[in-house]
Amino acid sequence: MRRTSEQLIQELSKIVDSHFAHAVVECYVEMQQRFLAGDWQPTELDGGRFCEAVSRCLLQMDAGKIDHRKLPGEIRKNLLDQSIPHRLGSKDRYHLAKVIEVVYGFRSDRGAVHISTEYTANYMDSMLVLHASKWIFAEFLRLVWNQDRKVVAETIAQIVQLEHSIIHELDGKPLVLARDISATDEVLLLLYHADNNRLSRAELREQAVGQNPQNVSVAIFRLIKNKDIRPIAEDEVALTPNGQKRILEQVLPKYTPQK
Numbered sequence: 009m010r011r012t013s014e015q016l017i018q019e020l021s022k023i024v025d026s027h028f029a030h031a032v033v034e035c036y037v038e039m040q041q042r043f044l045a046g047d048w049q050p051t052e053l054d055g056g057r058f059c060e061a062v063s064r065c066l067l068q069m070d071a072g073k074i075d076h077r078k079l080p081g082e083i084r085k086n087l088l089d090q091s092i093p094h095r096l097g098s099k100d101r102y103h104l105a106k107v108i109e110v111v112y113g114f115r116s117d118r119g120a121v122h123i124s125t126e127y128t129a130n131y132m133d134s135m136l137v138l139h140a141s142k143w144i145f146a147e148f149l150r151l152v153w154n155q156d157r158k159v160v161a162e163t164i165a166q167i168v169q170l171e172h173s174i175i176h177e178l179d180g181k182p183l184v185l186a187r188d189i190s191a192t193d194e195v196l197l198l199l200y201h202a203d204n205n206r207l208s209r210a211e212l213r214e215q216a217v218g219q220n221p222q223n224v225s226v227a228i229f230r231l232i233k234n235k236d237i238r239p240i241a242e243d244e245v246a247l248t249p250n251g252q253k254r255i256l257e258q259v260l261p262k263y264t265p266q267k
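Residue numbering for the sequence shown is 9 to 267, as defined by our numbering.
Below you can see the structure in the form of structure tokens.
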């Protein structure tokens, strides 16, 4: 079942406080959208707001208390307090509390020591916050829904779409909305959107509706040569880490309005 962010909020609001449900989903989606659009610098602040919302949900789920002001540090103490009864399992409480502590700490007290000359400090920090927040969100949904990780992963992938969407999907068929886009960029975007980041060459030619099929074939050849994608079983190609980096740093910023 495909879910929009609004549908997910409605489902979560049946289990946790509706304000918490809105805050968790909206903070997470906004953080992911802004990063994908090339606006990664606010990620640490967005991650802090996300952690506040998730922590308050966990407090409600674990102790039955609704508190709109308590911060993650205080909630962490409650979650790890062995002297009080808990509804959530000890391992779930421990791991979530620890990861939230790390992410929330980036909001204000990140050190200034960095060793890479290729990425700025904020970019590296943002990548960590982004991926850790995805783990927190997945674990939160697993607990609140009591669903397996596959269902959770599918849901997360479905709700995160760019605010100024580059790709519109209808009945399972994606359409790249950007005008005057090159065949190379369109192939990369379609692979980035696809399940498991892989498609057959025939699917790419079919989905790149604004491109000449021959241009799509040439684009696939060049992307393979540059190792942005790689050929796999039979007629399929898959996105590589090089290609993903190119999408985040070069392709998305070209076609997404900056805030």
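Here a beta-carbon is modelled for each residue, glycine too, at the ideal position from N, C-alpha and C.
- Nearest-angstrom Cα distance between M69 and E109? 18 Å
- Distance, Cα to Cα, L104 vs L256? 28 Å
- In terms of residue numbering, what span does the alpha helix (DSSP H) encompassing S225 cover? 221 to 233
- Going by the beta-carbon positions, is the gap between A207 and V259 smaller than 7 Å? Sequence check: residue 207 is Leu here, not Ala. Not a contact, by the Cβ cut-off of 7 Å.
- Task: Examine the ligand ADP and report whether any of its heavy atoms sits within less than 6 Å of the Cβ of R101.
- Result: Because no ligand of any kind appears in the structure shown, any question about the ligand ADP cannot be addressed here.
- Can you tell me whether DSSP reads A246 as helix, strand or coil? strand
- Query: Does DSSP classify S21 as helix, strand or coil?
  - Reply: coil
- Message: What residue range does the beta strand (DSSP E) around V111 cover?
- Response: Where V111 is concerned, there is no enclosing beta strand (DSSP E), although the alpha helix (DSSP H) it sits in stretches over 98 to 113.
- Helix, strand or coil: how does DSSP classify L185 here? coil
- Bridge-paired residues (DSSP) for I175: V184
- Item | Element boundaries [beta strand (DSSP E), containing I237] | 237 to 239
- Message: Using C-beta distances below 6 Å, list every residue in its chain close to T192, excluding the 5 sequence neighbours before and after it, in chain order.
- Response: A227
- Query: How about V137 and C59: are their beta carbons less than 7 Å apart?
  - Reply: no
- Query: Does the distance from the C-beta atom of V37 to that of S13 stay below 7 Å?
  - Reply: yes
- Task: Have a look at V107, G72, H76 and flag the residue whose alpha-carbon is nearest the alpha-carbon of I92.
- Result: G72
- Comparing alpha-carbon positions, which option in D203, E194, Y263, G55 lies nearest E214? E194
- Query: Is K233 closer than 7 Å to N250 when the C-beta atoms are compared?
  - Reply: no
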